[in-house]
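Structure first, commentary second.
Protein chains: 2
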Amino acid sequence: MGSEKETRREARIAAERAILQAAEEVFAIYGFKGSTMARIAQTAGLPKANIHYYFPTKLELYRRVVEEIYSSWLEAGDVFDNSPDAATALSAYIESKMDTSRLHPFGSKVWANEILQGAPVIQDYLETSLRDWTQSRIDIINRWIAEGQIAPVDPRHLLYMIWAVTQHYADFSHQVETLNGGKPLRSQQWHEATQSVKRIILNGISAQSSAQRAEEQA
Amino acid sequence: MGSEKETRREARIAAERAILQAAEEVFAIYGFKGSTMARIAQTAGLPKANIHYYFPTKLELYRRVVEEIYSSWLEAGDVFDNSPDAATALSAYIESKMDTSRLHPFGSKVWANEILQGAPVIQDYLETSLRDWTQSRIDIINRWIAEGQIAPVDPRHLLYMIWAVTQHYADFSHQVETLNGGKPLRSQQWHEATQSVKRIILNGISAQSSAQRAEEQA
DNA sequence: GCAAAACCTGACCATTTGGTCAAAAACTAC
DNA sequence: GTAGTTTTTGACCAAATGGTCAGGTTTTGC
Chain W
-8 MGSEKETRRE
2 ARIAAERAIL
12 QAAEEVFAIY
22 GFKGSTMARI
32 AQTAGLPKAN
42 IHYYFPTKLE
52 LYRRVVEEIY
62 SSWLEAGDVF
72 DNSPDAATAL
82 SAYIESKMDT
92 SRLHPFGSKV
102 WANEILQGAP
112 VIQDYLETSL
122 RDWTQSRIDI
132 INRWIAEGQI
142 APVDPRHLLY
152 MIWAVTQHYA
162 DFSHQVETLN
172 GGKPLRSQQW
182 HEATQSVKRI
192 ILNGISAQSS
202 AQRAEEQA
Chain Y
-8 MGSEKETRRE
2 ARIAAERAIL
12 QAAEEVFAIY
22 GFKGSTMARI
32 AQTAGLPKAN
42 IHYYFPTKLE
52 LYRRVVEEIY
62 SSWLEAGDVF
72 DNSPDAATAL
82 SAYIESKMDT
92 SRLHPFGSKV
102 WANEILQGAP
112 VIQDYLETSL
122 RDWTQSRIDI
132 INRWIAEGQI
142 APVDPRHLLY
152 MIWAVTQHYA
162 DFSHQVETLN
172 GGKPLRSQQW
182 HEATQSVKRI
192 ILNGISAQSS
202 AQRAEEQA
């Protein structure tokens, strides 16, 4: 029967997953060039040659890591389609992004490193799927503006703001921790951070606000 | 007289500056470990041994780069003290940070890399001067809240938001550029970005807003 | 059982990298 | 001019690093 075959496949998948996880952790800190296969192997608790058995080259391993992060990233944007109104959608999106920063900080850091380096590996993705993804969300936000649900803000910069702030809690977690007395944010503090972000942004783009209509809009 | 001595000193300073600039550019992209002295030398247009003449080790060079960025960073916060009211202060601070991102993106990226790596070099600064700096700004923001100038937001998260968003335009400039059709933001676009950030944040914390009082505040 | 396939790993190699050094070049002071 | 000082740089070295490989072990299919 196929059970033993299945076992092998499962073992292989488990091994690859362990390696990918260790690689993500190391790449998160040192970036592509600064990371070493020896360190990834050590983190994974495997001999270096074994890593090369599953992932022939450092670049292929890195690419796999980045691709997995990227695809999980895009899924978070589904709330834009599945929410009844702007406030619900953006609120859910911010929450989702904050959860990702809390639960998968390494992925966010790998992405940050990749972009810092000029996206040598995922440039093609940026130019295709990310561009499309972003444009479709911009269209949705513009629709909300047209419907008067939110103030006439630039959708692009609104998205950047959400990305920047939510990812900051992952990418700059070390700084945040240091300014939190050297301790990681507790569950309650994560909740407060999320509430703060949601409150300021949602309030900042609320349609009924009068302040921004007085501002220049030439 | 000392004129020739002065010339020498000037030449030395100029050489150090050129090296520091090249180093900043390289460290910005590859981080500490990922950067090579050879590449820094090439960027500076000098032989590698010459770099070592001015900066004995890679770590010392890196430390100098980071320290210079850090100190220039803190100065931007002076507007908190020199502004008459909250809106003016925060507006000026955001503008100042956006200008820094536009004019000195490498510095911001070096900082990002340093924090991503767990601040191996400037950890002591984080725990002393940055902590003090942040606390003093928190005190000021709390005063604004007490005076009713702004809504009762968590000052810490407000600061993080400003840092995150403004630095995003430097650290993720490659992504922003790609989503801008592959071209750097034009002067006008930088202005729009700055206005967007200021508008959303200032509006988001405006005291007269009614939305956030309806929110939970338990 | 047993041959074949898949998996594992210590030892090894070529290249890269941070750093050294001695000798040359340029400059200064008198 | 010349002795001393500072600056410049090609050549070199030891350590680190990505990757290879041969030989071993385990698992699979029959």
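One line per chain: the protein sequences are W and Y, in this order.
Numbered per my numbering, the first sequence spans residues -8 to 209.
Numbered per my numbering, the second sequence spans residues -8 to 209.
Even for Gly, the Cβ is constructed at its ideal location relative to N, Cα and C.
| Item | Value |
| --- | --- |
| Cβ pair count under 8 Å reaching 3, the region 60 to 74 of chain Y against the region 153 to 162 of chain Y | no |
| Helix, strand or coil at W:A63 according to DSSP, with G and I counted as helix | Rather than Ala, the amino acid found at residue 63 of chain W in this sequence is Ser. Helix. |
| Interface flag, Y:A103 vs chain W, CB-CB below 8 Å | yes |
| Where Y:E51 falls, given that 16 or more other Cβ within 10 Å makes a residue buried | exposed |
| The alpha helix (DSSP H) enclosing Y:L81, as first and last residue numbers | A77 to L94 |
| 8 Å Cβ cutoff, W:Y53 in contact with chain Y | no |
| Cβ shell of W:W124 (< 8 Å), same chain only, five flanking positions each side left out | L65 and G68 |
| Which residues DSSP lists as bridging Y:I141, in chain order | Y:S197 |
| Cβ-based contacts, 8 Å cut-off: residues of the region 135 to 164 of chain Y near chain W | A142, V144, D145, R147, H148, L149, Y151, M152, W154, A155, V156, Q158, H159, Y160, D162 and F163 |
| Secondary structure of Y:K39, DSSP reduced to three states | helix |
| Nearest candidate by alpha-carbon position, reference W:Y227, set W:A80, W:I129, W:I4 and W:S187 | With chain W covering only -8 through 209, there is no way to say anything about residue 227 of chain W. |
| Where W:V56 falls: helix, strand or coil (DSSP) | helix |
| Proximity to W:T27 [Cα-Cα], best of W:A35, W:V17 and W:G36 | W:V17 |
| Whole-angstrom distance between Y:P47 and Y:G(-7), CA atom to CA atom | With a pLDDT of only 32 at Y:G(-7), under the threshold of 50, the placement of this residue in the model should not be trusted; the figure read from the coordinates follows. For Y:G(-7) and Y:P47, the distance between alpha carbons rounds to 27 Å. |
| Contacting residues, own chain, Cβ-Cβ under 8 Å from W:L11 (five flanking each side not counted) | L52, R55, V56 and E59 |
| Buried/exposed call for Y:Q126, threshold 16 Cβ in 10 Å | exposed |
| Beta-carbon contacts of W:I192 that lie in its chain and below 6 Å, excluding the five residues immediately before and after | none |
| N- and C-terminal bounds of the alpha helix (DSSP H) containing Y:N73 | V70 to N73 |
| Cβ-Cβ separation, Y:L117 to W:Q186 (assumed contact under 8 Å), whole Å | In fact, because the Cβ distance is near 25 Å, the residues do not count as touching under 8 Å. |
| Spatial neighbours of W:A6 in its chain, beta-carbon cut-off 7 Å, leaving aside the 5 residues before and after | Y45 |
| Beta-carbon separation (whole angstroms), W:K39 vs Y:G25, contact threshold 8 Å | In fact, because the Cβ distance is near 19 Å, the residues do not count as touching under 8 Å. |
| As assigned by DSSP and simplified to three states, the class of Y:S187 | helix |
| Spatial distance of Y:T169 from Y:V101 (CA atoms) | 21 Å |
| Minimum C-alpha distance to W:H148 - residue among Y:E138, Y:A13 and Y:W181 | Y:W181 |
| Residues from the region 106 to 123 of chain Y in contact with chain W, defined by Cβ distance under 8 Å | I106, L107, Q108, G109, A110, Q114, L117, E118, L121 and R122 |
| Coil, strand or helix - W:T234 by DSSP | Here chain W covers residues -8 to 209 and nothing more, so residue 234 of chain W does not appear. |
| Where the alpha helix (DSSP H) containing Y:I153 begins and where it ends | P146 to D162 |
| Proximity to Y:S92 [Cα-Cα], best of Y:R190, Y:L176, Y:R0 and Y:A198 | Y:L176 |
| Contact list for Y:T169 against chain W, beta-carbon separation under 8 Å | A110, Q114, L117, E118, L121 and R122 |
| Within-8 Å CB hit, W:E183 to chain Y | yes |
| Spatially closest choice to Y:S99 from Y:I20, Y:N171 and Y:L37, by CA coordinates | Y:I20 |
| Cβ pair W:H194, Y:G195 closer than 8 Å | Here residue 194 of chain W turns out to be Asn, not His, going by the sequence shown. In this structure, Y:G195 lies closer than 8 Å to W:N194 by Cβ. |
| CB contact below 8 Å: Y:G195 versus chain W | yes |
| Nearest to W:T119 (by Cα), restricted to the options Y:N171, Y:M89, Y:I141 and Y:G139 | Y:N171 |
| Burial state of W:R0 (16 or more Cβ within 10 Å) | exposed |
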